[in-house]
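Everything on this sheet refers to the single structure shown next.
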Amino acid sequence: MQTGNGVRNDWSEQEVRALFELPFNDLLFQAQTIHRANFDPNQVQVSTLLSIKTGSCPEDCKYCPQSAHYDTGLEKQRLMEVEAVLAKAQQAKAAGSTRFCMGAAWKHPSDRDMPHVLAMVKGVKALGLETCMTLGMLKESQAQQLAEAGLDYYNHNLDTSPEFYDKIITTRTYQDRLDTLGHVRDAGMKICSGGILGMGETAKDRIGLLLQLANLPQQPESVPINMLVKVAGTPLEQVEDLDPLEFIRMIAVARILMPKSHVRLSAGREQMSDELQAMAFFAGANSIFYGECLLTTPNPESHRDLQLFKRLGINPEQRIEESDAAQQQAIVREIQAQQDDALFYSAS
Ligand code: SAM
Ligand code: DTB
Ligand code: SF4
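In numbering that gives the first Met the number 0, the protein residues as written are 0 to 347.
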C-alpha cells in the first residue's frame, strides 16, 4: 500500500531481507539515488541534546547508564530549572543547531513535573528552535498538553525488534512503546523513533526493527539509528562489536524504506572514524546530534564535526527564515515581560 506521498507502509520481511542481502555497492547506490530524489544530498539537520533530568531511572534498559538497576558511577541530577535549560538552548542555537532535544530519565513524566516541562517547551520554542522531548511513556492527556505547548517532536525509540526486546528491557513492553507513539501522533506531534545496533541482536532483529518503524500507520519523521555506547557497569558493557559495515547497511535500508524521513546518525559517532561517518551520510543519513555531550556520554568535539562537514562539503540544514526571527524575538521579549510581571507581583 502507498500512502498519499508515495511512501509505502506494507514492507514484507522478505523484501527488507533482500535489500540487506544486496551487494554493498548496489545497496548504497540505491539508497543514495532515493536520498537525492527526496533531499539535498549535501545538507544535514543538526540537533543538540540536553539531559534535563539525569539518572535514577526505574526502567532496566540494559544499554543505559541512567538506569537505577546498574552501578555506572553516573552523577545524578534532579529536573533542571527552566532558566538553566533556556540558557543551554541559547548556546545550542548560537552554535548552529536548529533543534533542541530535552531528555529525562523517567519511566514517564509525573503530573507534578508537567508544568516545568511545558514551560521549557514554550521557552525553547520562543528562542526560534525546533523542540523535541524524550520523557518516557506518555498518557494521552500528557501528549495533548505537550502538543498544545508547541512541542514539535517526541522521541520514543522502539530500540530493537519485538522478538529481541525482552532480552534488553523487562520493565515496559513493546506495546507500551507503540501506545505512546500512537498518543504522540493523535496529539498531532511529529515522531522521532529509531533504535540501537550492536546490542548482540541478529540481522533478523535489525530487519524486524525497520519493519516496525517503516510499517507504522505514518512513518516517523525522524529515525535515530544509534550504535551502542558501551558503558561500564551496564549489562551490555562487554557485548561484541558489530561490523561497522552492517551499521552502514542499516542506514541505507532505513533510507530506502523511509524515503521522506530524516535518518539520524545518532549515538556512537565519538567511536567512529570520519570515513565511517562519511559513508553513513552517503548511505542516506541526514541528521546528527551536535555538541560535546549526548545525554551522559561524549559526542565528537564541535570543531571535529565542523571540520568533517567542511571536508565533505556538507551544509547544516537551515530551518529558520530570517523573517521569522524578528517575530520570535518579539515572543521572547513578551515572555520575559510576563516573567518580570510575575516576579513583580510575587515580590509585592
Ligand atoms: N527515558 C526516556 C526513554 O527511554 O524513553 C528517554 C531517554 S533514553 C536515554 C532515549 C534513548 O537513548 C533510548 O531509547 C535509547 O535508544 C538511547 N540510548 C540510551 N543509552 C544508550 C547507549 N548506551 N547507547 C546508545 N543509545 C542509547
Ligand atoms: C536517541 O535515539 N539517541 C539519543 C536521543 N535519542 C535521546 C540519546 C543517546 C544516549 C546515549 C547515551 C547517553 O549519552 O546517555
Ligand atoms: Fe530510563 Fe530511558 Fe535509560 Fe531506559 S533508556 S533506563 S527509560 S533513561
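From the three backbone atoms N, C-alpha and C, an ideal C-beta is built for every residue, glycine too.
Inset, instruction - Report yes if the CB atom of Gly127 is closer than 9 Å to the CB atom of Tyr289, and no otherwise. - result: Taking the first residue of the sequence shown as 1, we reach residue 127 at position 128. Taking the first residue of the sequence shown as 1, we reach residue 289 at position 290. It is not a contact, given that the beta carbons lie outside the stated cut-off.
Inset, instruction - Tell me whether Met271 sits in a helix, a strand or coil according to DSSP, three-state version. - result: What you label residue 271 is simply residue 272 of the sequence shown in a count that begins at 1. The answer is coil: DSSP assigns Met271 none of H, G, I, E or B.
Inset, instruction - Go to Leu196, then tell me how far its beta strand (DSSP E) extends in each direction, as first and last residue. - result: Here residue 196 is taken as the residue at index 197 of the sequence shown, counted from 1. Per DSSP, Leu196 belongs to the beta strand (DSSP E) from 194 to 196.
Legend entry - Cβ-Cβ distance between Ile51 and Gly102 below 9 Å: Numbered from its first residue, the sequence shown carries residue 51 at position 52. Numbered from its first residue, the sequence shown carries residue 102 at position 103. Between Ile51 and Gly102, the C-beta gap is smaller than 9 Å, which places the two residues in contact.
Legend entry - Proximity winner among Ala231, Asp240, Ser221, Leu210, relative to Val43 (alpha-carbon distances): Position 44 of the sequence shown holds residue 43. Cα-wise, what sits closest to Val43 is Ser221.
Legend entry - Simplified DSSP assignment, three categories, for Ala284: To locate residue 284, count along the sequence shown from 1; it is residue 285. The answer is coil: DSSP assigns Ala284 none of H, G, I, E or B.
Inset, instruction - Taking only the alpha-carbon atoms, compute the straight-line gap between Val15 and Glu274 and give it to the nearest angstrom. - result: Position 16 of the sequence shown, counted from the first residue, corresponds to residue 15. Position 275 of the sequence shown, counted from the first residue, corresponds to residue 274. Inter-residue distance for Val15 and Glu274 is about 26 Å (C-alpha atoms, whole angstroms).
Inset, instruction - With a threshold of 16 other CB atoms inside 10 Å of the CB of Lys61, please say whether the residue is buried or exposed. - result: Residue mapping note: residue 61 aligns to position 62 of the sequence shown, counting from 1. Answer is buried; the Cβ neighbour count reaches 16.
Legend entry - Alpha carbon of Val228 to alpha carbon of Arg7, nearest angstrom: Locating residue 228 in the sequence shown gives position 229, counting from the first residue. Locating residue 7 in the sequence shown gives position 8, counting from the first residue. Near 32 Å, if we compare the C-alpha coordinates of Arg7 and Val228.
Legend entry - Burial state of Leu244 (16 or more Cβ within 10 Å): Residue numbering aside, residue 244 sits at position 245 when the sequence shown is read from its first letter. Counting Cβ neighbours within 10 Å, Leu244 comes out exposed, since fewer than 16 surround it.
Legend entry - Nearest-angstrom Cα separation, counted from Lys124 out to Glu320: To locate residue 320, count along the sequence shown from 1; it is residue 321. To locate residue 124, count along the sequence shown from 1; it is residue 125. Because the pLDDT of Glu320 is 49, which lies under 50, any placement of that residue in the model is unreliable, and the question is left without a value.
Legend entry - Val238 versus Pro258, Asp70, Gly197, Gln174, residue with shortest Cα-Cα distance: Stepping through the sequence shown from its first residue, residue 238 is reached at position 239. Per the Cα distances, Gly197.
Legend entry - Where the alpha helix (DSSP H) containing Thr133 begins and where it ends: If you number the sequence shown from 1, residue 133 lands on position 134. Per DSSP, Thr133 lies in no alpha helix (DSSP H) segment; the continuous beta strand (DSSP E) that holds it begins and ends at 129 to 133.
Legend entry - Inter-residue Cα distance where the pair is Ala148 and Lys166: Against the sequence shown, residue 148 aligns to sequence position 149. Against the sequence shown, residue 166 aligns to sequence position 167. If you draw a straight line from the Cα of Ala148 to the Cα of Lys166, it comes to about 36 Å.
Inset, instruction - Would you kindly work out how many angstroms separate the C-alpha atoms of Lys75 and Thr53, rounded to a whole number? - result: Numbered from its first residue, the sequence shown carries residue 75 at position 76. Numbered from its first residue, the sequence shown carries residue 53 at position 54. One C-alpha to the other measures close to 5 Å.
Inset, instruction - Would you identify the three-state DSSP class for Thr170, choosing helix, strand or coil? - result: As a position in the sequence shown, residue 170 is number 171, starting the count at 1. Here Thr170 sits in coil by DSSP.
Inset, instruction - Could you tell me the boundaries of the alpha helix (DSSP H) in which Ala67 lies? - result: Along the sequence shown, one-based indexing puts residue 67 at 68. Note, Ala67: premise wrong, no alpha helix (DSSP H); not H, not E.
Inset, instruction - Look up Asn4 in the DSSP assignment and say whether it is helix, strand or coil. - result: By one-based count along the sequence shown, residue 4 stands at place 5. Three-state DSSP puts Asn4 in coil, outside helix and strand.
Inset, instruction - List the DSSP bridge partners of Leu21. - result: Mapped onto the sequence shown, residue 21 falls at position 22. The bridge partners DSSP lists for Leu21 come to none.
Legend entry - Given 8 Å, three or more beta-carbon pairs between the stretch 26 to 35 and the stretch 244 to 256: Output reads yes: the stretch 244 to 256 touches the stretch 26 to 35.
Legend entry - C-alpha distance - His68 paired with Gln174, whole-angstrom precision: Against the sequence shown, residue 68 aligns to sequence position 69. Against the sequence shown, residue 174 aligns to sequence position 175. Their backbone Cα atoms lie some 22 Å apart in a straight line.
Legend entry - Span separating the alpha-carbon of Leu241 from that of Cys131: Counting from 1 along the sequence shown, the entry for residue 241 is found at position 242. Counting from 1 along the sequence shown, the entry for residue 131 is found at position 132. Roughly 29 Å separates the two Cα atoms.
Inset, instruction - Using only the heavy atoms of the ligand SAM, determine whether one of them is closer than 8 Å to the beta carbon of Asn156. - result: The sequence position of residue 156 within the sequence shown is 157, counting from 1. Yes, the beta carbon of Asn156 sits closer than 8 Å to at least one heavy atom of the ligand SAM.
Legend entry - Span separating the alpha-carbon of Gln90 from that of Arg98: For this step, residue 90 is matched to residue 91 along the sequence shown. For this step, residue 98 is matched to residue 99 along the sequence shown. So the alpha carbons of these two residues sit roughly 12 Å apart.
Inset, instruction - Indicate, with yes or no, if the ligand DTB has a heavy atom lying under 8 Å from the CB of Ser260. - result: Sequence index remark: in the sequence shown, residue 260 carries index 261 (1-based). Every heavy atom of the ligand DTB is 8 Å or more from the Cβ of Ser260, so no.
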